[in-house]
Structure formats: C-alpha cells, structure tokens
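Peer 1: Under my numbering, think of the first position of the sequence shown as 65, with each following residue one higher. Cβ coordinates follow ideal geometry from the N, Cα and C atoms, glycine included. Structure below; questions to follow.
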Amino acid sequence: MMLKENLEDIENRICDACRRSGRKREEVTLIAVSKTKPAEMIEEVYCTGIRCFGENKVQELSEKYEKLPKDIHWHMIGHLQRNKVKNVVGIADLIHSVDSLRLAEAINREAQKKETNAKILIEVNIAKEDSKFGIMPEEVLDFVKEASKFSNIQVQGLMTIAPFVANPEENRKHFSALRKLSVDISREKVNNVCMGVLSMGMTNDFEVAIEEGATMVRIGTAIFGERNYAV
Ligand SMILES: *Cc1c(COP(=O)(O)O)cnc(C)c1O
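Rendered as structure tokens:
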C-alpha cells in the first residue's frame, strides 16, 4: 500500500485548493474515512500524524475505538439508528449524520445519561436525491431551532453527501448552496447553535468542496484505496 504517498498527494491537493480560494490550510480538517479498512492500516495513517478518522458503522467504530490509540478523534459519518446511539455518544467526537429529530432526541437522552455534550452536524440532502438521507434544505432552519432545545446536544454545522458525478464541477452548485444555507442559519443567531463546520467533499470532489468553503473533507478511497465490500 502507498498510504504515505497517497496522503502526501492529498495534502498537496488540499493546500492547492486552499491557495486557489484564498483560504488557510488550518481551516480545513482532513477526515480519513477508514470504513471497511483494518486497524493496521489506520495505525499506519495515524503514524503520519492524522488524528481524525471517519466510520459509518457503529459496530466497526466501537471495535476500532477499543483497539486503537485514544487520542484519535472518531467521526460518525454514516446513517445512524436510534437503538445504536448508546455506542456512539461518548465515543465519536462528532456525529455528522443527524437527519431526524427523533434521532437527535435519542442522542440527547444518551448524552444526558452519560453527563456529556454530544456534538452533531445536521445532514442535508442538498441535491434532493431520493436515494439519500438528510433534511431537505428548506427544512433545515426549523430543524436547527428544534434541535437547539436539547440541553445536551450542540449543533456545530452542516454535512452533505453530494451526488456521485463524473465531473466534480457539477457539484459546485450544491457545495455553494450548503455554504449559503449555513450562512443564512448563522444569521438567525439561534441559541446553542454554531455553524462553524461544513462537512462536504469526498475523494471525487473534495477540491471543489474546499473552494466552496468546506471545513471538513471526508476522504476514503484516495487514502486507503478501493473498498472491498465482498469480504
Ligand atoms: C464512504 C464515505 C466517504 C468517503 O468516500 P470516498 O469516496 O471513498 O472518499 C465520505 N463520506 C461518507 C458519508 C461516506 O460514507
């Protein structure tokens, strides 16, 4: 595996995208999406200095959390069922995929139980695709206002999974729309809500996402190689 080379290449591309858009490199956090990949590979990436890893399955997240260094920041990026919330709160630093008030309520209850604060992002279905989870863009403000009432949840921003497209430029309008939505919401000054995080951009489109304001990019394939779901 060429993990180190892959990471260097991604780092250069992130820096270039920041430069093109007049942003500072520190404004963008790289989340290495390690789903389906073994702990040994994560350790190798960890040794290059990466501390943020993304997982989309609760079971896998728990196992890797147990096995790997405790200074890793785990990001839950996959669809989350309410009955699995107990294994995520207190383990994941940030839950990117909150897409219903019932889920937010369950996270809040678990966070209360553990006497902690759960940091969350609202997942937005920015391109209104039938196949995607996420709140519709026009419903996000009301959602945020409701979610802000939960005492043990802190809304930190928005997340989206853009459409799978051949040319990443096709997603520019979606990234730009998510950023605009986040600016509009922060203008509302909802208590207990911050819109500092914009989690958008993956292997195929992270440079465009950074140019449009992403503060977190979630990159799997370009670091770890193709995933094999058959094994
Ligand atoms: C798998 C996944 C990614 C990473 O996708 P790549 O195309 O491999 O970079 C990012 N975000 C989410 C929510 C994912 O499930």
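In chain order, what residues of the same chain have a beta carbon less than 7 Å from the beta carbon of S164, not counting five sequence neighbours either side?
Peer 2: Hits under 7 Å: none found.
Peer 1: Cβ of K183 within 8 Å of Cβ of L158?
Peer 2: Yes; because the gap between Cβ atoms is below 8 Å, this pair is in contact.
Peer 1: Would you kindly report the start and end of the unbroken beta strand (DSSP E) that includes T112?
Peer 2: Per DSSP, T112 belongs to no beta strand (DSSP E) and is neither H nor E.
Peer 1: Under the three-state reduction of DSSP, which class applies to A230: helix, strand or coil?
Peer 2: Here A230 sits in coil by DSSP.
Peer 1: Just to confirm my understanding: we take A278, look at its own chain, exclude 5 residues before and 5 after, and list those with CB closer than 8 Å. What are they?
Peer 2: For A278, where only same-chain residues beyond five positions count, the Cβ hits under 8 Å are V92, F239, L262, S263, M264, G265, F270.
Peer 1: Does the region 143-155 touch the region 168-184, meaning 3 or more C-beta pairs lie closer than 8 Å?
Peer 2: Yes: the two stretches touch, three or more of their Cβ pairs being nearer than 8 Å.
Peer 1: Since I199 contacts F207 with CB under 8 Å, what's their CB separation in whole angstroms?
Peer 2: I199 to F207, Cβ: 5 Å. Contact.
Peer 1: Run through the DSSP bridge pairs and tell me what T93 is partnered with.
Peer 2: According to DSSP, T93 bridges with M280.
Peer 1: Can the beta-carbon of S126 be found closer than 8 Å to that of M140?
Peer 2: Against a cut-off of 8 Å, the Cβ pair of M140 and S126 comes out as no contact.
Peer 1: Give me whichever residues DSSP pairs with Q176 in a beta bridge.
Peer 2: DSSP output for Q176 lists no bridge partner at all.
Peer 1: Just how far apart, CA to CA, sit L67 and N120?
Peer 2: About 21 Å.
Peer 1: I'd like to know whether the C-beta atoms of A96 and I283 end up nearer to each other than 8 Å.
Peer 2: Result yes, Cβ atoms of A96 and I283 sit closer than 8 Å.
Peer 1: In its own chain, which residues sit with a C-beta less than 7 Å from the C-beta of T112, not counting the 5 before and 5 after it?
Peer 2: Result list for T112: K68, L71, in chain order.
Peer 1: Please identify the residue among V219, E276, N189 whose C-alpha is closest to the C-alpha of S250.
Peer 2: Checked all of V219, E276, N189; the closest Cα to S250 is V219.
Peer 1: Confirm, please, whether the CB-CB distance from I225 to I78 is below 8 Å.
Peer 2: Their beta carbons are not under 8 Å apart, which means I78 does not touch I225 by this criterion.
Peer 1: Considering just the uninterrupted stretch of the beta strand (DSSP E) at A182, what are its terminal residues?
Peer 2: Its beta strand (DSSP E) spans residues 182-187.
Peer 1: Does ligand 1 have even one heavy atom less than 7 Å from the beta-carbon of I274?
Peer 2: Checking every heavy atom of ligand 1 against the Cβ of I274, none is found closer than 7 Å.
Peer 1: So K195 packs on L222, CB below 8 Å; how close in whole Å?
Peer 2: It should be pointed out that residue 195 corresponds to Ser in this sequence rather than to Lys. Actually they do not touch by this definition, with Cβ atoms about 19 Å apart.
Peer 1: Compute the beta-carbon to beta-carbon distance between V149 and S212, rounded to the nearest angstrom, for a pair I have assumed lies under 8 Å.
Peer 2: So it is not a contact: roughly 19 Å between Cβ atoms.
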